[in-house]
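Below you'll find the structure, written out as structure tokens, and then a few comments.
Numbering (the numbering used here), first residue to last: 1 to 609.
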């Protein structure tokens, strides 16, 4: 099968302008509440105005009909699409239709189909691309398999900045039947084949489905012969499992015993799912919640011949263990990274939901969304400052800059003075001087306050949800409106929606939960958990430990890597898919994960892109 690349997405179009006459009618409908009058006026313009205005009026009339859920809205939309198939607002009609279909019947498949049309349109704009991705991603995660996979491919085609992430999402949802269908419909092409096939094969390698790995290797041999991806996947398919010993360091007694037991549940669950577990031996050591006990337990594991170690769980234990590590036996710690510790070269890898890791992810995400000039507002606690520092460092690595950093006192309630100062510190001083000069010339006798537009693209809030809810309203008070707000799972303290999230509709934050999508691997894990321990929802640590055991087993047994080879294997650029997200271990030892993001709509936290 010969693959040719699909035609690339055309350069994103400019955002369509709205004429003053049309704007007046939209205001009439939305602000004055006179929807019938506005629709009648737009219909008259569409019938009798000059061509450009008539076309715009026809599209905006359909927009109002769809927004107001009027009868025959979809028929009117179909008519205007047929009349103006190359109109600048064509992709917008499909976007409006997607929302209409959801409101009318909850038709997720139909809504995703409309968003496919948006993403594939040659008139797609940057603003609409961002909106379509934000709307479609949460829908795709709960859609039927094929609808989901099809949409992720459309997203990968449109959004080159995050193409590989979208393709990995598609691979995570795609069964072998869907992969074959993607090939038949020629959605797999030369631009995406190696990334998609490698991700699909690695997911199956992690799950031990070696017959499917072999089938994907065969597809790669046909579609991308001679590629590095083919050689890698073919190597996975032809390999045999080797005996391996995995050491476990967890606090099973003492004050942190419950956390240790949760982690052990995840490890046991993952171990039971391995079809090659006969070649994997687990040696479990109790660290007793004490650093000295952890160090002693680690040395016992080395004596027992551990090829790889999972744990410790506590940051203080990881810090105590660092001087003992030589890098010869990889350690997959479930803790946060010790502050200011140099992990490089010691063979220790941090796999957790740590706030520093979340901040790094959010910095990369913000940069991918065009938010490269940021302000940081942080609390004054050491862990809040460390989180903010991680965001700033990662943002700089992505080519962004921090325009201002504001530290709030613990006992404050009214921060408006601080926020006004932040506005002043980030103002465009040349523009302000020009405006002052113009005002002096035009109105020399009047004292007019100038409210400058914000010069930054977003704000990172390293603080708890109570302070975020408080600050959001005060930011709006000082004129910071519609600017994206980013934050970690620290926001999830039960107070984020104290004000019903009135000023948080542009927010993006991490909400750490046990994953809840409907992929086969997820359903299998949750069913096994219920059988073993009852109906309670597993805590996030169960998922992290589950994924960590699978990573350790793949490296040490399935791939048969030992010592420095195992260390290098953990640094694979492909990373490791799992229930809790895709993780890649950076040279500094921190596992960077692709995390689920949330925003606030109608007073509730909902999934976001």
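Beta carbons are placed, not taken as given, at the ideal position from N, Cα and C, and that holds for glycine.
Computed from a predicted model, the values in this text were never measured in an experiment.
Checklist entry - Apart from the five residues on each side of it in sequence, which residues of its chain come closer than 8 Å, Cβ to Cβ, to residue 88? => result 13, 16, 123
Item to check | Reduced DSSP category for residue 526 - H, G, I as helix; E, B as strand; rest coil | outcome: helix
Next on the checklist: Cutting at 7 Å between CB atoms, please list the residues of its own chain near residue 7, excluding the five before and the five after it.
Outcome noted: Low confidence applies to residue 7: its pLDDT is 45, below 50, so where it sits in the model is not reliable enough to give any reading.
Item to check | Closest residue to residue 344 among 107, 95, 571, 139 (Cα-Cα distance) | outcome: 571
Checklist entry - When burial is assigned at 16 or more other CB atoms within 10 Å of the CB, is residue 86 buried or exposed? => result exposed
Item to check | residue 266 - DSSP class collapsed to helix/strand/coil | outcome: helix
Item to check | Cβ neighbours of residue 550 in the same chain (closer than 6 Å, five flanking residues each side left out) | outcome: 206, 270
Item to check | Cβ-Cβ separation, residue 312 to residue 301 (assumed contact under 8 Å), whole Å | outcome: Not a contact, Cβ separation roughly 11 Å.
Item to check | Beta-carbon proximity list for residue 41, same chain, < 6 Å, skipping 5 on both sides | outcome: 25
Item to check | Nonlocal neighbours in the same chain, by C-beta distance under 8 Å from residue 181, ignoring five residues either side | outcome: 146
Item to check | residue 18 classed as buried or exposed, judged by whether at least 16 other C-beta atoms fall within 10 angstroms | outcome: exposed
Item to check | Nonlocal neighbours in the same chain, by C-beta distance under 7 Å from residue 429, ignoring five residues either side | outcome: Unreliable positioning characterises residue 429 in this predicted model, as indicated by a pLDDT of 48, which lies under 50. A coordinate reading is not provided.
Next on the checklist: Since residue 197 and residue 233 should fall inside the 8 Å C-beta cutoff, what is the C-beta to C-beta distance between them, to a whole number of angstroms?
Outcome noted: 7 Å
Checklist entry - Are the beta-carbon atoms of residue 548 and residue 266 separated by less than 9 Å? => result yes
Checklist entry - If you count every other CB in all the chains shown that lies within 10 Å of the CB of residue 397, and 16 or more means buried, which is it? => result exposed
Checklist entry - Is residue 460 near residue 487, with beta carbons less than 9 Å apart? => result yes
Checklist entry - Looking at residue 156 and residue 140, is the spacing between their C-beta atoms short of 9 Å? => result no
Item to check | Coarse secondary structure for residue 585, derived from DSSP in three states | outcome: strand
Checklist entry - Among 559, 489, 285, which residue has its Cα nearest to the Cα of residue 303? => result 285
Item to check | Cβ shell of residue 224 (< 6 Å), same chain only, five flanking positions each side left out | outcome: 193, 194, 230
Checklist entry - What does a CB cutoff of less than 7 Å around residue 579 pick up in its chain, not counting 5 residues either side in sequence? => result 515, 521, 522, 525, 543, 546, 547
Checklist entry - Helix, strand or coil: which one does DSSP assign to residue 162? => result helix
Item to check | Strand pairing of residue 285, partner residues [DSSP] | outcome: 249
Checklist entry - Alpha carbon to alpha carbon, how far is residue 335 from residue 160? => result 34 Å
Item to check | Beta-carbon contacts of residue 369 that lie in its chain and below 7 Å, excluding the five residues immediately before and after | outcome: 130
Checklist entry - Once you ignore the five residues that flank residue 252 on each side, which residues in its own chain have a CB closer than 6 Å to its CB? => result 260, 286
Checklist entry - Going by DSSP, what residues sit across from residue 276 in a beta bridge? => result None; residue 276 has no bridge partner.
Next on the checklist: Counting C-beta neighbours from all protein chains within 10 Å, is the total for residue 606 16 or more, i.e. buried, or is it exposed?
Outcome noted: exposed
Item to check | Integer Cβ distance of residue 289 from residue 323, believed to fall under 8 Å | outcome: In fact, because the Cβ distance is near 20 Å, the residues do not count as touching under 8 Å.
Item to check | Closest by C-alpha distance to residue 559, when choosing among 47, 241, 167, 329 | outcome: 241
Next on the checklist: Let me make sure I understand the geometry here. Which of 191, 115, 172 has the alpha-carbon closest to that of residue 163?
Outcome noted: 191
Checklist entry - Between residue 378 and residue 103, what straight-line distance do the alpha-carbon atoms span, to the nearest angstrom? => result 39 Å
Checklist entry - Can residue 149 and residue 96 be called in contact, C-beta distance under 9 Å? => result no
Checklist entry - According to the neighbour-count rule (16 or more other Cβ atoms, all chains shown, within 10 Å of its Cβ), is residue 114 buried or exposed? => result buried
Next on the checklist: Do residue 359 and residue 400 have their beta-carbon atoms positioned less than 9 Å apart in this structure?
Outcome noted: no
Checklist entry - Would you say residue 236 and residue 202 are within 9 Å of each other, going by their C-beta atoms? => result yes
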